[in-house]
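There are 2 protein chains.
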Amino acid sequence: MASFQLLLTLHAMPYKTQAPQSAQAVSPAHHAADDDSVDPVLAGYRKSIDNIDAALIHMLAERFRITKAVGEYKAKVTLPPADPDREKRQIARLRALSEAADLDPEFSEKFLRFIIDEVIRHHERARES
Amino acid sequence: MASFQLLLTLHAMPYKTQAPQSAQAVSPAHHAADDDSVDPVLAGYRKSIDNIDAALIHMLAERFRITKAVGEYKAKVTLPPADPDREKRQIARLRALSEAADLDPEFSEKFLRFIIDEVIRHHERARES
């Protein structure tokens, strides 16, 4: 229904850039691209970005589920929380994957660091509680 | 072959934590978890993490392909590079998706900010070249 309305709107006024007039209800089913006043080509790109972002969020949610289990398991069998050799292998692998996918390898290393820092914060919070 | 060797190794020595003796060739086909000396439960978790990381890297590569096209399109039709209303909708949507997936909504907002900062850096680099 929303996309049918969008289609009608796009036919009626294909190029309008002012901000939407009303605040929009937000639910996970909505696309953040659901703004009828936007350029139609841009709206198409934004739908793709929103789909990818939903996939990223769900992948990250699953990754943190696993690292939580890893933290609990390491505590149980008294393995050290950090493993620098494993981290080096992860970075080297992600850099190689990034080059193959035409993504900046520097960014992939920064990204892994960003994620690992969050994992460490989770572990610290778990220890405190 | 590698997993068969891993299986043999795990049967022969199921619990050994010292660092691997030899440097390992890195290729995208390798898992960063491919370290025969690691605890088998931990090795299983790590294979899952490596699969998820590969998915994340490929999703991010595709996302940056699209934002690159968006940057070029916006320059062509003279749309402003930033859209604060769109960003607000993206943040609200990712927070809602995160709550449904049991991921910290604060983290998802930080994550989107991290990605958008990289997109801006890409646009700046594109303008300079």
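Those protein sequence lines, which keep their order, are chains V and D.
Read left to right, the first sequence gives residues 784 to 912 (this note's numbering).
Read left to right, the second sequence gives residues 784 to 912 (this note's numbering).
All C-beta atoms, glycine included, are put in the ideal place defined by N, C-alpha and C.
Bear in mind that the values here come from a model prediction, so they are computed numbers and not experimental data.
Residue i in three-state terms, based on DSSP
{"i": "Thr861/D", "result": "coil"}
{"i": "Ala816/V", "result": "coil"}
{"i": "Ser831/D", "result": "helix"}
{"i": "Glu911/D", "result": "helix"}
{"i": "Leu793/D", "result": "Because Leu793/D carries a pLDDT of 38, less than 50, the predicted location of this residue cannot be relied on, and the following value inherits that uncertainty. If DSSP states are grouped into helix, strand and coil, Leu793/D belongs with the helices."}
{"i": "Ala844/D", "result": "helix"}
Residue i, enclosing alpha helix (DSSP H) - first and last residue
{"i": "Asp868/D", "result": "Pro867 to Ala883"}
{"i": "Asp822/D", "result": "Asp822/D -> no alpha helix (DSSP H), and no H or E assigned at all."}
{"i": "Asp887/D", "result": "From DSSP, Asp887/D is part of no alpha helix (DSSP H); its letter is neither H nor E."}
Test item: CB-CB of residue i and residue j under 9 Å
{"i": "Phe847/V", "j": "Ile840/D", "result": "no"}
{"i": "Pro863/V", "j": "Leu877/V", "result": "no"}
{"i": "Ile832/D", "j": "Val853/V", "result": "yes"}
{"i": "Lys870/V", "j": "Ile903/V", "result": "Note that residue 870/V is Glu in the sequence shown here, rather than Lys. Going by C-beta atoms, Glu870/V is not nearer than 9 Å to Ile903/V."}
Anticipated Cβ contact below 8 Å, residue i with residue j, distance rounded
{"i": "Val824/D", "j": "Tyr856/V", "result": "6 Å"}
{"i": "Ala837/D", "j": "Leu880/V", "result": "6 Å"}
{"i": "Phe890/V", "j": "Glu907/D", "result": "Wrong, their Cβ atoms sit about 14 Å apart, outside the cutoff."}
{"i": "Thr850/D", "j": "His905/D", "result": "7 Å"}
{"i": "Gln873/V", "j": "Ala815/D", "result": "4 Å"}
Check: residue i C-beta below 8 Å from any heavy atom of the ligand HEM
{"i": "Arg876/V", "result": "Of the ligands one can find in the structure shown there are none, so the ligand HEM has no counterpart to examine."}
Original post:
What residues in the stretch 833-854 of chain D bring their beta carbon closer than 8 Å to a beta carbon of chain V?
Top reply: Answer set for the stretch 833-854 of chain D: Asp833, Ile835, Asp836, Ala837, Ala838, Leu839, Ile840, His841, Met842, Leu843, Ala844, Glu845, Arg846, Phe847, Arg848, Ile849, Thr850, Ala852 and Val853.
Subject >> Residues in the stretch 879-890 of chain D having any Cβ partner in chain V nearer than 7 Å >> reply: Answer in chain order: Ala879, Leu880, Ser881, Ala883, Ala884, Asp885, Leu886 and Phe890.
Subject >> Residues from the stretch 857-870 of chain V in contact with chain D, defined by Cβ distance under 8 Å >> reply: So the list reads Lys857, Val860, Leu862, Asp868 and Arg869, given in the order they occur along the chain.
**OP:** Check distances from the C-beta atoms of the stretch 818-830 of chain V to those of chain D and list, in chain order, the residues that come in under 9 Å.
**Re:** For the stretch 818-830 of chain V, which is checked against every Cβ of chain D, the residues closer than 9 Å are Asp818, Val821, Asp822, Val824, Leu825, Tyr828 and Arg829.
**OP:** Select from the stretch 896-912 of chain D all residues with a C-beta closer than 7 Å to any C-beta belonging to chain V, and list them in chain order.
**Re:** The stretch 896-912 of chain D vs chain V, Cβ under 7 Å: Phe897 and Glu901.
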